[in-house]
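Participant: Throughout, my numbering is defined as the position within the sequence shown, counted from one, plus 3.
The structure is given below, and queries will be raised subsequently.
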Amino acid sequence: MNFDEAEAYAVAHSTPATDVLRRLGDETASREDADMSVGPLEGAFLRFLIALKRPQRVLEVGVFTGWSSIDMASALPPGATIVACDVNPETTAIATRYSAEAGVADRIDYRVGNAFETIAALDGPFDLVFIDAWKNDYIGYYEAVLPKLAEDGVILADNTLSAMRGNEHIAAFNEHVLNDSRVECVLVPIRE
Numbered sequence: 004m005n006f007d008e009a010e011a012y013a014v015a016h017s018t019p020a021t022d023v024l025r026r027l028g029d030e031t032a033s034r035e036d037a038d039m040s041v042g043p044l045e046g047a048f049l050r051f052l053i054a055l056k057r058p059q060r061v062l063e064v065g066v067f068t069g070w071s072s073i074d075m076a077s078a079l080p081p082g083a084t085i086v087a088c089d090v091n092p093e094t095t096a097i098a099t100r101y102s103a104e105a106g107v108a109d110r111i112d113y114r115v116g117n118a119f120e121t122i123a124a125l126d127g128p129f130d131l132v133f134i135d136a137w138k139n140d141y142i143g144y145y146e147a148v149l150p151k152l153a154e155d156g157v158i159l160a161d162n163t164l165s166a167m168r169g170n171e172h173i174a175a176f177n178e179h180v181l182n183d184s185r186v187e188c189v190l191v192p193i194r195e
């Protein structure tokens, strides 16, 4: 079984995406950069982790059209929030529109601007951080969010398997985290 077959099988045997997320996926698929979307399998995994961890404060670095923030917000416990930062106002507007349709807009604080500046202006602690932004800056994002992480906090980083295809920035990130004595790490092969 190849990777695409395995992913299709996993999607077919996971809780399906909501109607709002399917429509978001359709709109996103029409974009040239559609491959940047988290999609149904990874979105379901993020939602599952949120339901298990029950974080009160979540930070997302890289929003794109919002699948991940919407799926995570749908599983947040009462009173919990996500600060979701992205540099692109056009895709963040799509995320904002769909989060309202999904009924989770009140749980997501979308911020448009340079992620490093946004992170620097935020007070911690965050219980969970999801990094899915410019791959060249993953080590920088990691180092910026780590001091703002709760003691039992979790950092999730997307696209870490792209190191196997020669992405030297992600390979360096993976090595950086693996060799960081401040954290415990595991690389899980879900999509990338």
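Built from N, CA and C at the ideal position, the CB exists for glycine as well.
As the structure is a computational prediction, the values presented were derived from the model and not from experiment.
Quick check on DSSP: helix, strand or coil for ASP200?
Facilitator: Residue 200 falls outside the range modelled here, since the chain spans only 4 to 195, and no answer is possible.
Participant: By Cβ distance below 8 Å, which residues in the same chain neighbour GLU154 in space, the five residues on each side in sequence not counted?
Facilitator: Around GLU154: PRO128.
Participant: What does the Cβ neighbour count give for ASN162, buried or exposed, with the cut at 16 atoms within 10 Å?
Facilitator: ASN162 is buried by the Cβ-count criterion.
Participant: Determine the DSSP secondary structure at VAL41, reduced to helix, strand or coil.
Facilitator: Correct three-state label for VAL41: coil.
Participant: At which residues does the beta strand (DSSP E) containing PHE129 begin and terminate?
Facilitator: It spans 129–134 - the beta strand (DSSP E) in which PHE129 sits, taken as one unbroken run.
Participant: Would ARG50 and ALA78 be called neighbours here (beta carbons separated by less than 8 Å)?
Facilitator: The answer is yes: Cβ separation under 8 Å.
Participant: With respect to the alpha helix (DSSP H) encompassing ILE122, which residues constitute its N-terminal and C-terminal limits?
Facilitator: Segment 118–124, the alpha helix (DSSP H) holding ILE122.
Participant: Bridge partners of THR84, per DSSP?
Facilitator: Note: THR84 sits in a beta bridge opposite ARG60.
Participant: Could you tell me the boundaries of the beta strand (DSSP E) in which GLY156 lies?
Facilitator: Looking at the DSSP string, the run of the beta strand (DSSP E) that includes GLY156 is 152–160.
Participant: For THR99, I'd like the list of residues in its chain whose CB is within less than 6 Å of its CB, leaving aside the five on either flank, ordered along the chain.
Facilitator: Answer for THR99: TYR113, listed in chain order.
Participant: Consult DSSP for ASP36 and reduce its assignment to one of helix, strand or coil.
Facilitator: Coil.
Participant: Are three or more beta carbon pairs between the segment 93–110 and the segment 60–68 nearer than 8 Å?
Facilitator: Flag = yes, the segment 93–110 and the segment 60–68 touch.
Participant: Between ALA105 and the rest of its own chain, which residues show a CB-CB distance below 8 Å, the 5 nearest in sequence each way excluded?
Facilitator: Within the same chain, ALA105 has close Cβ partners THR21, VAL23, LEU24, ILE73, ALA76 and SER77.
Participant: Which of the three DSSP states, helix, strand or coil, is assigned to ASP89?
Facilitator: In this structure, ASP89 counts as strand in the three-state DSSP scheme.
Participant: Which of the three DSSP states is assigned to THR18 in this structure?
Facilitator: Coil, per DSSP.
Participant: Leaving out five residues on either side along the sequence, give the residues of the same chain with a beta carbon under 7 Å from the beta carbon of GLY46.
Facilitator: For GLY46, where only same-chain residues beyond five positions count, the Cβ hits under 7 Å are ALA20, LEU24, TRP70, SER71 and ASP74.
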